[in-house]
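Numbering-wise, the sequence shown is residues 22 to 427 according to our numbering.
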Amino acid sequence: MSGSRLPTAQFEVAEVVRAAQAADDAGRRDPGVEMLQVLSPDGILAGGLSAQVAGVVVDFSPYLTSSDAAHLRSLYRDMALIRRFDQESTALQRQGQLALWVPLTGQEAAQIGSGRALEPQDHAFPTYREHGVALTRGVELSEILRLFKGVTNGGWDPRKRNFHLYTLVLAAQSLHAVGYAMGMQRDQLADPSLPQAASIAYFGDGASSEGDIHESMVFAASFNAPVVFFCQNNQWAISVPSTVQTRVPIAQRAQGYGFPGIRVDGNDVVAVEAVTRWALEHARSGEGPVLIEAYTYRMSAHTTADDPTKYRLSRDEQEWQPRDPLIRLETYLRSAGLADDAFFEELATEGREMATAVREAVLTMTAPDLESRFASVYAEPHPLVLEELAFFQQYEAGFVDEGKHA
Ligand SMILES: Cc1ncc(C[n+]2csc(CCOP(=O)(O)OP(=O)(O)O)c2C)c(N)n1
Ligand SMILES: [Mg+2]
22 MSGSRLPTAQ FEVAEVVRAA QAADDAGRRD PGVEMLQVLS PDGILAGGLS
72 AQVAGVVVDF SPYLTSSDAA HLRSLYRDMA LIRRFDQEST ALQRQGQLAL
122 WVPLTGQEAA QIGSGRALEP QDHAFPTYRE HGVALTRGVE LSEILRLFKG
172 VTNGGWDPRK RNFHLYTLVL AAQSLHAVGY AMGMQRDQLA DPSLPQAASI
222 AYFGDGASSE GDIHESMVFA ASFNAPVVFF CQNNQWAISV PSTVQTRVPI
272 AQRAQGYGFP GIRVDGNDVV AVEAVTRWAL EHARSGEGPV LIEAYTYRMS
322 AHTTADDPTK YRLSRDEQEW QPRDPLIRLE TYLRSAGLAD DAFFEELATE
372 GREMATAVRE AVLTMTAPDL ESRFASVYAE PHPLVLEELA FFQQYEAGFV
422 DEGKHA
């Protein structure tokens with residue numbers, strides 16, 4: 022790109038497509054970095070999992086839960102329910118019930134696998150797309166929709182489930198996660214009867230370019246903070262491909278900070294769960310931070326305000342379709358005789374009932390009254406806020422309510 026002129030939007034799109042193509046040609050799109058996998062896209066399950074991590078062979082097999090049929094079915098159930106929730110939420114947005122929706126389709130395994138690896142005392146710091154992690158933490162799904170309907174500033178109480186509030190400022194939550202981890206580390210040292218705990222910072226491939234991620238990783242390494250950085254590389258930051266964000270696989274960046282980095286198949290729920298369990302235990306037991314790059318694909322739009330046909334190739338979408346995280350687990354469950362038609366039919370019914378309940382909740386949500394919104398700015402009444410409230414009430418009173426005067 023010439024430095025002598027500012028790029029036009031058209032120029033930027035062409036540049037991005039060229040960069041992606043060049044990365045493809047150079048084999049950088051999927052370079053020789055090892056990607057950990059247990060369940061293949063064909064639904065074939067490997068018996069064990071081990072790999073070189075930061076120069077040491079790590080056996081992840083003790084963290085695999087794949088020999089437990091009920092557990093595998095429950096992982097599938099969580100993925101199916103959250104996909105159904107995603108579909109219903111998209112429909113609700115299209116019908117004008119939500120201001121915006123952020124779909125997660127394609128990322129169910131990355132989210133359910135990592136969420137199920139957490140212990141109750143751990144703390145999760147999400148972006149705006151972690152609906153699957155919310156499900157695993159027991160957050161009421163309709164609470165998420167209160168946020169997207171715009172009738173709450175937060176949606177849920179983070180202290181109840183150790184699932185913090187959605188953060189739209191890219192990567193800001195990684196600083197919160199590290200700070201929280203450092204606090205938990207000190208609390209535990211002061212009171213060894215407290216359980217060892219870790220935090221997990223979710224972020225995307227695009228957010229990995231933010232300064233906050235660098236600062237978080239430096240702090241985490243310096244203070245050996247019990248934190249797991251969990252990057253869902255879904256290949257896109259809105260319209261910018263991940264190949265433009267980084268010249269090396271994101272997992273490899275951990276080396277520069279001096280802690281382990283692992284790339285896992287983000288569409289393989291079994292591997293994601295095992296690797297995240299290992300990483301959390303590593304962090305909790307005082308071994309320090311870990312970076313996990315869950316290599317996945319955003320099968321849908323960035324948000325309901327986005328149209329991916331404007332910037333990405335249908336070729337890529339078709340390439341990722343057979344790697345769908347739900348299909349591969351269904352294939353395995355059926356072929357191993359661990360789930361039959363009745364299981365999948367019951368699950369579909371459960372999904373429909375959940376969707377109906379969520380829809381009813383959204384249709385009956387009401388906005389909080391004006392005073393309470395101003396009252397929650399500070400813990401104590403504040404003269405400036407009171408002044409602003411009075412101004413706003415006067416302003417609102419200036420509108421004629423057509424209903425009343427018709
Ligand atoms: C600090 C900051 N810069 C820019 C944005 C606008 N923005 C919102 S989402 C997004 C793309 C993020 O991509 P990625 O981190 O890969 O996460 P994904 O949306 O793919 O899950 C951008 C640029 C923002 N929210 N915050
Ligand atoms: Mg992304």
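No residue lacks a Cβ here, since even glycine has one placed at the ideal position from N, Cα and C.
May I ask you to report which of helix, strand or coil DSSP gives residue i?
i	result
Asp208	helix
Trp257	strand
Glu340	helix
Val78	strand
Gly225	strand
Gly48	Any answer about Gly48 is weak, because its pLDDT of 49 lies below 50 and its placement is not dependable; what the coordinates show is given next. If DSSP states are grouped into helix, strand and coil, Gly48 belongs with coil.
Tyr201	helix
Ala130	helix
Leu66	strand
Met22	No answer about Met22 holds up, because its pLDDT of 41 lies below 50 and its placement is not dependable.
His185	coil
Gln73	strand
Tyr316	strand
Leu85	coil
Ser321	coil
Val421	coil
Val311	strand
Leu301	helix
Ser220	strand
Tyr416	helix
Leu215	coil
Leu96	helix
Leu57	strand
Glu392	helix
Val398	coil
Leu405	helix
Glu231	coil
Does the beta-carbon of residue i have 16 or more other beta-carbons within 10 angstroms, so that it is buried, or is it exposed?
i	result
Gly287	buried
Pro147	buried
Asp289	buried
Gln342	exposed
Gly48	Any reading at Gly48 must be qualified, since the residue scores a pLDDT of 49, below 50, and its modelled position is unreliable; the value itself is stated next. Label assigned to Gly48: exposed.
Val311	buried
Gly372	buried
Asp178	exposed
Val421	exposed
Val77	exposed
Arg305	buried
Thr111	buried
Gly136	buried
Pro402	exposed
Glu109	buried
Thr181	Sequence check: residue 181 is Lys here, not Thr. Answer is exposed; the Cβ neighbour count stays below 16.
Ala218	buried
Val160	buried
Glu392	exposed
Lys331	exposed
Ala363	exposed
Would residue i and residue j qualify as a contact pair, given that the criterion is a beta-carbon distance under 7 Å?
i	j	result
Ala360	Arg105	no
Leu70	Phe81	yes
Ala138	Glu294	yes
Tyr97	Arg298	no
Tyr316	Arg284	yes
Ala228	Leu191	yes
Arg452	Leu125	For residue 452 there is no data in the structure shown, the boundaries of the chain being 22 and 427.
His185	Ile165	no
Ser214	Ala202	no
Arg349	Pro62	yes
Leu121	Thr370	no
Val291	Leu102	no
Gln253	Gln58	no
Gln266	Asp226	yes
Gly279	Gln273	no
Gln206	Pro262	no
Val199	Ala242	no
Gly176	Leu168	yes
Ser237	Leu196	yes
Pro428	Val79	One cannot answer for residue 428 here, as it falls past the ends of the chain, which runs 22 to 427.
Ile313	Ala300	yes
Cβ-heavy atom distance between residue i and ligand 3 below 6 Å?
i	result
Leu121	For the structure depicted, ligand 3 is absent and the ligand set comprises only ligand 1 and ligand 2.
Taking a cut-off of 6 Å, which residues have a beta-carbon closer than that to any heavy atom of ligand 2, in chain order? Counting every residue whose Cβ lies closer than 6 Å to a heavy atom of ligand 2, we get Gly225, Asp226, Gly227, Asn255, Trp257 and Ala258.
Let me know the beta strand (DSSP E) ranges lying completely inside the segment 98-123, each 3 residues or longer, listed in chain order. Qualifying beta strand (DSSP E) stretches: none in this window.
Return the chain-ordered ranges of every alpha helix (DSSP H) run that is complete within the segment 324-384 and spans a minimum of 4 residues. Taking 4 residues as the shortest admissible run, the segment 324-384 contains the following complete alpha helix (DSSP H) segments, listed from N- to C-terminal end: 335-341, 346-356 and 362-384.
Mind listing, in chain order, the continuous alpha helix (DSSP H) runs of no fewer than 4 residues lying wholly within the segment 238-298? Counting only runs of 4 or more, we get 263-266 and 274-278.
Segments of 3+ residues assigned as beta strand (DSSP E) that fall wholly inside the segment 136-192: Listed in chain order, the complete beta strand (DSSP E) runs (minimum 3 residues) inside the segment 136-192 are 144-146.
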